[in-house]
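Peer 1:
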Amino acid sequence: MKLGGDGRRKSTNLSIYIIVLFSIFLFGCFLINDKVKWMAYFPLSRPNPQEIQYQRSAPNNPIIESNKNPVYNEEIELPPENCDIFVGKWVFDEVSHPLYRENDCEFLSAQVTCLKNGRQDSLYQHWRWQPRDCSLPKFKAELLLEKLRGKRLMFVGDSLNRIQWESMVCLLQSAIPPTKKSLSNSGSLSVFRVEEYNATVEFYWAPFLAESNSDNPKLDNILECIIMPESISKHGVNWEGLDYLIFNTYIWWMKSHKMTVLRGSFDEKAMEYDEIERHIAYERVLRTWAKWVEENVDPKSTSVFFSSMSPIHIKSLDWNNPNGIKCANETAPYLNMSSRLNVGTDHQLFLVASNVIQSMKVPVYLLNITILSEYRKDAHTSIYTTWEGQLLTPEQMSDPAMYADCIHWCLPGLPDTWNEFLYTRILSRP
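As structure tokens, this is what we get:
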């Protein structure tokens, strides 16, 4: 009896065990079927933890907080704060430079389109600046556009800053649909609008920063420049409310060792002048500019930059080429970086600018482009440019001693490097 009872209990337990196993099997089939359906909608690979983190931080500021590019999903390596990005060497790089093609940028002026204007070599476009102790981040237009979303960036100064503005426009425009970008000119102000990002990249003509008789951008052949060192409000009203301001003033100062300074205003019939040393007038202007910055700029919302002197190359003996004619036919930089190349830059003005900037309460970032640009005797527009608004004729091109422009630069070219410095600084700020 006991044996029979035990058998019945074992039979009952076995039946329960089978039912449980069958239930587990059905449940497992359900899970497998559901998982197959789920996998049909998602890839097998999963985002790594870093990708998840960047996706979550996207609504805030993914560029600065994560140092990731939300478009390319790759790391943006910014140089450390203690790295002097202006000390380094020029490296020939046909892979990454130029950063854009001359034919791909419709916004370039005839003054800087050297290939279109007849230059046969394009070597000048392939030189990349390599800092000695770090590297510049790879330029990505979408990344900078995100930083500029809803903001205004303005270059203020002379024709060298205008060329840097053209460079910046070309660096950005390739990432913008054709119907979402436009350029307009009105007097001293040129504005490149990026509709999709509600952003503008602007240029304001003020070759001396302070008021002068050279403030009309259409009059670029004034022989005797007259300045009002303590008068800047006429221009300054156009600089208010900007998010990024990039100033420069230099090349117009090089017309004479002494500057003509107006005592009164240009509205007066009888005007009186003083002749003062260039560096003294330069400091007076920069002190006026610094005062305007400190009274009108909120460093919490506006970043201010000052570009140092853009050099000229008019004496080929400066780089040991006795048979050369100014910068004409130069196809390579001066590569002996161990020695300083003296091309006549007024470094006294550089010292004045540096001292004024260091004394300011509002932080100003100095874009120290001078020395590295002095080695680029190859990058000027030379005879492949315009003269008084017109392309040089064949006869003029055959006379480089007279017509070679060794002040301005071809694009793509050296000013793109200046903008790489600006790009690096903007990305490194919150």
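Numbering (the numbering used here), first residue to last: -14 to 415. Yeah, the Cβ is synthetic: ideal placement off N, Cα and C, and Gly gets one too.
Whole-angstrom Cβ separation of R269 and K243, contact assumed at under 8 Å?
Peer 2: Position 284 of the sequence shown, counted from the first residue, corresponds to residue 269. Position 258 of the sequence shown, counted from the first residue, corresponds to residue 243. Rounded, the Cβ-Cβ distance is 13 Å, inconsistent with contact.
Peer 1: Given that a residue counts as buried once 16 or more other Cβ atoms are within 10 Å of its Cβ, and exposed if not, what is G398?
Peer 2: The count along the sequence shown starts at 1 and reaches residue 398 at position 413. Burial call: buried.
Peer 1: Can you tell which of E181, D401, T355 and V72 has the C-alpha that lies nearest to the C-alpha of P440?
Peer 2: Beyond the ends of the chain as shown, which are -14 and 415, falls residue 440; an answer cannot be given.
Peer 1: Using a Cβ-Cβ cutoff of less than 8 Å, which residues in the same chain neighbour Y360 once the five nearest sequence positions on both sides are dropped?
Peer 2: Translated into positions along the sequence shown, residue 360 becomes position 375. Cβ neighbours of Y360 beyond the five flanking positions: W75, P318, Y319, L320, M322 and L326.
Peer 1: Go ahead and pull the three-state DSSP assignment for K101.
Peer 2: By one-based count along the sequence shown, residue 101 stands at place 116. Coil.
Peer 1: Give the DSSP-derived three-state secondary structure of R137 in the structure shown.
Peer 2: Within the sequence shown, numbered from 1, the residue matching residue 137 stands at position 152. Strand at R137.
Peer 1: Tell me the DSSP bridge mates of H365?
Peer 2: Position 380 of the sequence shown holds residue 365. H365 is bridged to W394.
Peer 1: With 16 as the cutoff for other CB atoms within 10 Å, does C395 come out buried or exposed?
Peer 2: Residue mapping note: residue 395 aligns to position 410 of the sequence shown, counting from 1. The residue is buried, with at least 16 neighbouring Cβ atoms inside 10 Å.
Peer 1: At which residues does the beta strand (DSSP E) containing F291 begin and terminate?
Peer 2: One-based indexing of the sequence shown puts residue 291 at position 306. Counting along the chain, the beta strand (DSSP E) containing F291 begins and ends at S288 to S292.
Peer 1: Using a Cβ-Cβ cutoff of less than 8 Å, which residues in the same chain neighbour M24 once the five nearest sequence positions on both sides are dropped?
Peer 2: Within the sequence shown, residue 24 is the residue found at index 39, counting from 1. Because M24 sits at a pLDDT of 28, beneath the cut-off of 50, its placement in the model cannot be relied upon, and the following sentence gives the value as read from the coordinates. Taken in chain order, the list of residues that qualify is empty.
Peer 1: Could you tell me whether the Cβ atoms of E187 and L133 are closer together than 8 Å?
Peer 2: Locating residue 187 in the sequence shown gives position 202, counting from the first residue. Locating residue 133 in the sequence shown gives position 148, counting from the first residue. Taking 8 Å as the Cβ cut-off, E187 and L133 do not qualify as a contacting pair.
Peer 1: Scan the stretch 226 to 305 and note each continuous beta strand (DSSP E) run of 3 residues or more that stays entirely inside, going in chain order.
Peer 2: Taking only runs of at least 3 residues, the beta strand (DSSP E) segments lying wholly in the stretch 226 to 305 are 229 to 232, 243 to 247, 258 to 262 and 288 to 292.
Peer 1: Please list, in chain order, all residues of the same chain as P202 whose beta carbon is under 8 Å from its beta carbon, the five residues on each side excluded.
Peer 2: Position 217 of the sequence shown, counting from 1, holds the residue named residue 202. The residues are G172, S173 and W190.
Peer 1: For the alpha helix (DSSP H) that L145 lies in, which residues bound it at each end?
Peer 2: Position 160 of the sequence shown, counting from 1, holds the residue named residue 145. S144 to Q158 is the span of the alpha helix (DSSP H), which, as asked, contains L145.
Peer 1: Assuming contact is defined by CB atoms lying nearer than 8 Å, are S293 and L352 in contact in what I supplied?
Peer 2: On the sequence shown, residue 293 is found 308 positions in, with the first residue counted as 1. On the sequence shown, residue 352 is found 367 positions in, with the first residue counted as 1. Closer than 8 Å, so yes.
Peer 1: On the criterion of 16 or more Cβ atoms from any shown chain inside 10 Å, does F177 qualify as buried, or is it exposed?
Peer 2: Residue 177 sits at position 192 when you count from the first residue of the sequence shown. Label assigned to F177: buried.
Peer 1: Would you call the CB atoms of L156 and I211 closer than 8 Å?
Peer 2: Counting from one through the sequence shown, the residue named residue 156 turns up at place 171. Counting from one through the sequence shown, the residue named residue 211 turns up at place 226. Not closer than 8 Å, so no.
Peer 1: Can the beta-carbon of V341 be found closer than 8 Å to that of A275?
Peer 2: The residue labelled residue 341 in the question sits at position 356 within the sequence shown. The residue labelled residue 275 in the question sits at position 290 within the sequence shown. Yes. Within cutoff.
Peer 1: I356 and V328: beta carbons closer than 8 Å?
Peer 2: Working through the sequence shown from its first residue, we reach residue 356 at position 371. Working through the sequence shown from its first residue, we reach residue 328 at position 343. No; because the gap between Cβ atoms is not below 8 Å, this pair is not in contact.
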